[in-house]
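Q: Shown below is the structure under consideration.
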Amino acid sequence: SLPGLAATTAGPRFVPGGTAIQQEKPVPRKAAPFEQGETAWRARTDAAKKACLEKRYAEAERLLVTALKQAEAFGPRDPRLVATRNQLAEVYLQQGKPAAAALLLRRALAIAENTLGSQHPETARTLANLGGVASQQAKYGEAEPLYRRALAIREAALGKQHPDVADSLSRLGLLLTAQRKFAEAEELLLRALGIRNTALGGEHPAAAESLANVAALYKAQGRYSAAEPLLERALTTVSYTHLTLPTNREV
48 SLPGLAATTA GPRFVPGGTA IQQEKPVPRK AAPFEQGETA WRARTDAAKK ACLEKRYAEA
108 ERLLVTALKQ AEAFGPRDPR LVATRNQLAE VYLQQGKPAA AALLLRRALA IAENTLGSQH
168 PETARTLANL GGVASQQAKY GEAEPLYRRA LAIREAALGK QHPDVADSLS RLGLLLTAQR
228 KFAEAEELLL RALGIRNTAL GGEHPAAAES LANVAALYKA QGRYSAAEPL LERALTTVSY
288 THLTLPTNRE V
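Take 48 as the starting number for the sequence shown in the working numbering and just add one per residue.
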């Protein structure tokens, strides 16, 4: 026979001694796990974001528990695992479940620092959420350095006028308000308000939230005449229909 013919001809091949070797049929390549699960994972995380905006936290939790299982299939060092853990932890914090959030966040922080780096915005998000856990548990001494570290990372990575920086300023400002450190709290909360007005617009829900945060600070100081017009502006913001005054749960 011609050299190489057996390798390209259908049917069995023969080796010396007459033994037939049946050619194996090509096995179709299976899609990698991320190819199988990416669309479903993203659909669930996007749906959970919408549910959170509408304060349907039980539905968001259900969606994200499934999304987390899908993210785990991407591998133990995949950034989507960190993002999903953070998102689910945020839902738990909104529901007042800091212990459940902490279980997710400790592992998320380790993954984020090892895979994304200590100065990555997702690492900052994880630190900020861990600060939220400590704050809900009234462990203000633990929460403050976590919030400050998250703020420093976001300022360096995103720029000082980024909306995520305003989020960190707001969290830290509310925490300082709870500790009656009013001077620094006012500075931070007013700065957050300015960033949100500039970056998002004065009619944005986050800008109205900042108005309410400053009003809460003034109220804590007994400055009711200063707090009242800010709160009225927040409540009359057209796009902000679900205004909730800040509490420790939202710090």
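Just so you know, even glycine gets a beta-carbon here, dropped at the ideal spot from N, CA and C.
Only counting runs of 4 or more residues, tell me where the alpha helix (DSSP H) segments fall wholly within the segment 185 to 234, in order along the chain.
A: Fully enclosed alpha helix (DSSP H) runs of 4 or longer: 187 to 205, 210 to 225.
Q: When the distance is taken between beta carbons, is R218 closer than 8 Å to Y194?
A: By 1-based counting over the sequence shown, the position of residue 194 is 147. By 1-based counting over the sequence shown, the position of residue 218 is 171. Against a cut-off of 8 Å, the Cβ pair of R218 and Y194 comes out as a contact.
Q: Do you know whose CA, among T245, H167, L264, lies nearest H5's CA?
A: Absent from the model: residue 5. The displayed extent of the chain is 48 to 298, so no value can be given.
Q: Tell me whether L163 sits in a helix, a strand or coil according to DSSP, three-state version.
A: Sequence index remark: in the sequence shown, residue 163 carries index 116 (1-based). Correct three-state label for L163: coil.
Q: I need the DSSP call for P123, collapsed to helix, strand or coil.
A: To locate residue 123, count along the sequence shown from 1; it is residue 76. Coil, per DSSP.
Q: From A273, L258, K266, pick the residue whose C-alpha is nearest to that of T283; which is it?
A: Looking up residue 283 in the sequence shown gives position 236. Answer by Cα proximity: L258.
Q: For R172, which three-state DSSP category applies?
A: Stepping through the sequence shown from its first residue, residue 172 is reached at position 125. R172 falls in the helix class under three-state DSSP.
Q: Ignoring anything shorter than 4 residues or poking outside the segment 249 to 286, list the alpha helix (DSSP H) runs there in chain order.
A: Listed in chain order, the complete alpha helix (DSSP H) runs (minimum 4 residues) inside the segment 249 to 286 are 252 to 267, 271 to 282.
Q: Suppose the cutoff is 6 Å on Cβ atoms and the five residues either side in sequence are ignored; what does the same chain contact list for I200 look like?
A: Here the question's residue 200 lines up with position 153 in the sequence shown. Excluding positions up to five away in sequence, the list reads Q166, A171.
Q: Where does G143 fall in DSSP's three states?
A: Here residue 143 corresponds to residue number 96 of the sequence shown, with the count starting at 1. The answer is coil: DSSP assigns G143 none of H, G, I, E or B.
Q: Does the separation of the CB atoms of E169 and P126 fall below 8 Å?
A: Along the sequence shown, read from residue 1 onward, the residue named residue 169 stands at position 122. Along the sequence shown, read from residue 1 onward, the residue named residue 126 stands at position 79. Contact: yes.
Q: With C-beta atoms as the reference, is A15 less than 8 Å away from I242?
A: The requested residue 15 is not part of the displayed model; the chain covers only 48 to 298.
Q: With H, G and I counted as helix, E and B as strand and the rest as coil, what does DSSP make of E82?
A: Counted from its first residue, the sequence shown places residue 82 at position 35. Residue placement at E82 is flagged as unreliable, the pLDDT there being 45, under the threshold of 50; a coordinate-derived value is accordingly withheld.
Q: Using beta-carbon positions only, say whether L152 and L111 come within less than 8 Å of one another.
A: Reading the sequence shown from its first residue, position 105 is the one you call residue 152. Reading the sequence shown from its first residue, position 64 is the one you call residue 111. Against a cut-off of 8 Å, the Cβ pair of L111 and L152 comes out as no contact.
Q: Quick check: what's the CA-CA separation for E160 versus T131?
A: Along the sequence shown, one-based indexing puts residue 160 at 113. Along the sequence shown, one-based indexing puts residue 131 at 84. Taking the straight line joining both Cα atoms gives about 16 Å.
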